[in-house]
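491 is the number of the first residue of the sequence shown in the working numbering; add one for each residue after it.
Glycine is no exception: its CB is placed at the ideal position from the N, C-alpha and C atoms.
Down below is the structure, laid out as structure tokens.
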Amino acid sequence: MNALIIEETIQTPHVCFDPDNNIFEIKNKSLPEDADIFYEPIIKWLERYCEHPNEQTDFYFKLDYYNTSSARNIAFIINLLDVLSQKHKVKIFWYYHQIDEDMQSNGEQYYETTQVDFELVKI
491 MNALIIEETI QTPHVCFDPD NNIFEIKNKS LPEDADIFYE PIIKWLERYC EHPNEQTDFY
551 FKLDYYNTSS ARNIAFIINL LDVLSQKHKV KIFWYYHQID EDMQSNGEQY YETTQVDFEL
611 VKI
């Protein structure tokens with residue numbers, strides 16, 4: 491499966507899904523005007539990946555900030571990973587800055603909604 495790489499912009503995050511190197515990462519800011527349009531190809535790619543995943547999938551969220559519509563799509567991605575984890579090894583790493591209580595709280599809320607191995611990483 492080909493990697494999916496989307497370069498970041500002022501309003502959209504950097505996305506790197508590279509199954510050959512087991513890199514699945516969304517980082518920086520996610521503030522697109524229409525998050526559903528931005529995340530649609532990302533979610534479709536992940537759905538295809540879930541049909542033939544790696545033995546282990548490590549997924550990294552390294553977001554500084556995201557808007558409400560991005561949050562819905564992030565939740566959808568985490569739900570996809572939750573389903574994947576029923577038959578394969580999946581681990582989510584949620585990075586947050588030590589002074590960013592909102593991002594820590596967001597990670598804790600996602601952690602509570604999933605059965606995926608989930609690690610909060612303070613930086």
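Legend entry - Sheet register partners of residue 553 (DSSP bridge): Here residue 553 refers to the residue found at position 63 of the sequence shown. Paired residue(s): 518.
Legend entry - Distance between residue 512 and residue 544 (C-alpha atoms, nearest Å): Along the sequence shown, one-based indexing puts residue 544 at 54. Along the sequence shown, one-based indexing puts residue 512 at 22. Rounded to whole angstroms, the separation of the alpha carbons of residue 512 and residue 544 is 8 Å.
Legend entry - DSSP-derived helix/strand/coil call for residue 505: The residue labelled residue 505 in the question sits at position 15 within the sequence shown. For residue 505, the secondary structure class from DSSP, reduced to helix, strand or coil, is strand.
Legend entry - Nearest-angstrom beta carbon gap, residue 503 and residue 448 [assumed within contact, 8 Å]: In the structure displayed, the chain extends from 491 to 613; residue 448 sits before or after that span and is not available.
Inset, instruction - Counting only runs of 4+ residues fully inside the region 518 to 543, write out the alpha helix (DSSP H) ranges in chain order. - result: Counting whole runs of 4 or more residues, the region 518 to 543 contains the alpha helix (DSSP H) stretches 525 to 541.
Inset, instruction - Please look up how many angstroms separate the CB atoms of residue 580 and residue 607, rounded, as I've assumed it's under 8 Å. - result: Here residue 580 refers to the residue found at position 90 when the sequence shown is read from its first residue. Here residue 607 refers to the residue found at position 117 when the sequence shown is read from its first residue. Between residue 580 and residue 607 the beta-carbon gap is near 7 Å, inside 8 Å, which marks them as a contact.
Legend entry - Contact belief for residue 585 with residue 549 at Cβ below 8 Å, rounded distance in angstroms: Within the sequence shown, residue 585 is the residue found at index 95, counting from 1. Within the sequence shown, residue 549 is the residue found at index 59, counting from 1. Wrong, their Cβ atoms sit about 11 Å apart, outside the cutoff.
Inset, instruction - State yes or no: is the C-beta of residue 582 within less than 9 Å of the C-beta of residue 602? - result: Along the sequence shown, one-based indexing puts residue 582 at 92. Along the sequence shown, one-based indexing puts residue 602 at 112. No; because the gap between Cβ atoms is not below 9 Å, this pair is not in contact.
Legend entry - Contact under 9 Å by Cβ, residue 514 with residue 563: Counted from its first residue, the sequence shown places residue 514 at position 24. Counted from its first residue, the sequence shown places residue 563 at position 73. Not closer than 9 Å, so no.
Inset, instruction - Alpha carbon to alpha carbon, how far is residue 590 from residue 596? Give it in angstroms, no decimals. - result: For the purposes of this step, residue 596 is identified with residue 106 of the sequence shown, where counting begins at 1. For the purposes of this step, residue 590 is identified with residue 100 of the sequence shown, where counting begins at 1. Across the structure, residue 596 and residue 590 are spaced so that their CA atoms are roughly 10 Å apart.
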